[in-house]
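Numbers 47 to 226, taken from this note's numbering, label the letters of the sequence shown in order.
Every residue, glycine too, gets a C-beta built ideally from N, C-alpha and C.
Let me begin by presenting the structure, written as structure tokens, before commenting on it.
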Amino acid sequence: MPETVTRANRIRRCSRASRPARSTGRVFPRTDVDVYVTDTDPSAGPDTETDPDELALSDAEQAALHELQLGIEHVHRAYGTLLEFHHQLGHAMDRMGDAEDRLRNAGHEEWANELRDDHLPAGAISDQWTYELVEEFSGEFLEEVDTFEDAVREELADGLDHVTERRQKRRLRERAEDDG
């Protein structure tokens with residue numbers, strides 16, 4: 047039976063859509079994500095019982111949590127860059143494979159053999175292929191920092207994401223209503 051999609055899990059699923067599957071470390075693009083970005087309702091946001099202004103969260107804790115969440119977002123961006131590197135190098139290797147065939151067809155067996163035997167099977171970094179780097183990064187570091195951030199956020203903010211942004215959104219919309 048399919049999961050009941052609520053606004054809250056729709057937004058969460060979208061914001062973490064490129065996360066690796068926990069069991070395999072592989073990334074699966076999600077096509078089942080609905081995102082609504084045209085909200086005009088000032089109270090719109092993920093369904094939650096928690097009001098960000100009612101959290102027992104000190105200014106220092108809020109600042110620390112915000113920096114941690116920004117850091118995690120940059121880790122995810124780095125992961126995307128690593129995936130891009132993996133894909134680009136894969137395309138480069140395909141082109142080099144084509145070059146091997148063309149060198150051979152042009153009568154340059156020695157260069158074609160060197161490309162086939164020495165360069166194409168070599169790892170990108172310390173004899174590791176890029177898929178191994180992606181798997182190691184996503185299966186270890188990325189998963190560990192995500193779990194850490196989840197635990198800190200659960201403890202400090204009752205699991206609520208983006209407390210600083212939620213508070214800012216409310217302040218800006220209230221100011222617009224008061225001044226408008």
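- For Gly153, no alpha helix (DSSP H) run applies, since DSSP gives it neither H nor E.
- For a cut-off of 8 angstroms, the C-beta gap from Val180 to Leu128 is around 6 angstroms, short enough to register as a contact.
- Secondary structure remark: continuous alpha helix (DSSP H) runs of at least 4 residues inside the region 171–198, in chain order: 176–182.
- Considering only Glu178, Asn151, Pro98, the residue with the shortest C-alpha distance to His133 is Glu178.
- Asp207 counts as buried, since no fewer than 16 other beta carbons sit within 10 angstroms of its beta carbon.
- Gly226 sits in coil when the DSSP states are folded into three classes, being neither helix nor strand.
- Put simply, the region 110–117 touches the region 200–216. At least three CB pairs are less than 8 angstroms apart.
- Around the beta carbon of Arg141, a 10 Å sphere encloses fewer than 16 other beta carbons of the protein chains shown; the residue is thus reported as exposed.
- Taking the Cα of Val121 as reference, the smallest distance to any Cα among Asp225, Glu156, Ala222, Glu189 is reached at Glu189.
- Taken atom to atom, the span from the alpha-carbon of Trp175 to that of Phe183 is near 13 angstroms.
- Contact between Leu149 and Trp157 holds, with the beta-carbon distance rounding to 5 angstroms and staying under 8 angstroms.
- The shortest C-alpha to C-alpha distance from Ala145 to any of Leu161, Leu135, Phe131 is the one to Leu161.
- Thr96 carries a coil assignment under DSSP once its states are collapsed to helix, strand and coil.
- Put simply, of Glu100, Leu111, Leu101, Asp99 the residue whose alpha carbon is nearest the alpha carbon of Phe194 is Leu111.
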